[in-house]
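J.: One structure follows; several queries about it will come next.
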Amino acid sequence: MNRMNLAVILGSGLAFLVVGCGSGSDAPMMGPSGTGSSVGASLMSVSPLGGATGVAGSTSMMLRFSAPMGAGMEQYFDLHMGSLAGPTMPMNCLWNGDRTTLTCTPQGPLSPHTTYVMHLGGGMATHAGQVIDCGQYGPAMGGQWVTGGMMGSSHAGGSWMMMGPNWHNANGSYGMAFTFTTA
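So the sequence shown is numbered by the numbering used here: it starts at 1228 and just counts up by one.
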């Protein structure tokens, strides 16, 4: 057998192995700790980190995921002034080329010495429909699960009951919040 035929046979076998082993959302994903997880995809990093202080008023927020995100998922990320009950700040959000990193830039400078809350919806999903697991790394990055009691009776002045399904997490929360304070 010549090398070309062997390469085709080995390549075909490898393709079969990859397709045969590539199961759906229950396939383990490797995180920064190097251990497997049964979730489909994870929130891998956030900037600024929850609890950060002295953040520049011209900062952009970045979220990095372990898999390409679905179309329109950026609408389930917002920035509140003060608390989750506070007003949302208008932002421009863009995905990188492989849709794993979302960068959002406020449309104007953030107020100095002010607390802001980044709110990531709990039902955000990948392009393949896998729900994002924020619990695996989110708390270590300063994130807190959002419960209705965290901001009273409203979400940015609107009813919590008006929030769509991509704000709700399977654990009963409304996603995860990361709070920071500007310089």
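Positions of the beta carbon are idealized from the N, C-alpha and C atoms, including for glycine. Treat the numbers as computed from the prediction; the structure is a model and nothing was measured.
#1: Cα separation between T1328 and L1290?
#2: Leaving out five residues on either side along the sequence, give the residues of the same chain with a beta carbon under 7 Å from the beta carbon of P1295.
#3: Could you give the distance in angstroms between the alpha-carbon of P1255 and the alpha-carbon of M1368?
#4: When the Cα of G1402 is compared with those of T1409, A1410, H1340 and P1366, which residue comes out closest?
#5: Express the C-alpha separation of T1341 and G1399 in angstroms, rounding to a whole number.
#6: Per DSSP, N1323 is paired with what?
#7: Assuming contact is defined by CB atoms lying nearer than 8 Å, are G1350 and N1396 in contact in what I supplied?
#8: Can you tell me the Cα-Cα spacing of G1320 and E1301, whole angstroms?
#9: Using three-state DSSP, classify Q1302 as helix, strand or coil.
T.: The short version:
#1: The residue labelled residue 1328 in the question sits at position 101 within the sequence shown. The residue labelled residue 1290 in the question sits at position 63 within the sequence shown. Cα atoms of T1328 and L1290: separation of roughly 6 Å, rounded to the nearest angstrom.
#2: By one-based count along the sequence shown, residue 1295 stands at place 68. Within the same chain, and ignoring the five residues on either side of P1295 in sequence, the residues whose Cβ sits closer than 7 Å to its Cβ are D1325, R1326, T1327, T1353 and H1354.
#3: Taking the first residue of the sequence shown as 1, we reach residue 1255 at position 28. Taking the first residue of the sequence shown as 1, we reach residue 1368 at position 141. Confidence at P1255 is low in this model, with a pLDDT of 29, below 50, so its placement is unreliable and the value that follows should be read with caution. If you draw a straight line from the Cα of P1255 to the Cα of M1368, it is about 22 Å long.
#4: As a first step, residue 1402 must be located in the sequence shown, where it is residue number 175. Of the candidates T1409, A1410, H1340 and P1366, the one whose C-alpha sits nearest the C-alpha of G1402 is P1366.
#5: Position 172 of the sequence shown, counted from the first residue, corresponds to residue 1399. Position 114 of the sequence shown, counted from the first residue, corresponds to residue 1341. Computed Cα separation, rounded: 29 Å.
#6: Start at 1 with the first residue of the sequence shown, and residue 1323 comes out as number 96. As DSSP reads the structure, N1323 sits in no beta bridge.
#7: Reading the sequence shown from its first residue, position 123 is the one you call residue 1350. Reading the sequence shown from its first residue, position 169 is the one you call residue 1396. Contact: yes.
#8: The residue you call residue 1320 lines up with position 93 of the sequence shown. The residue you call residue 1301 lines up with position 74 of the sequence shown. Before going further, note that residue 1320 is Cys rather than Gly in the sequence given. C-alpha separation (whole angstroms): 7 Å.
#9: Here residue 1302 refers to the residue found at position 75 when the sequence shown is read from its first residue. Correct three-state label for Q1302: helix.
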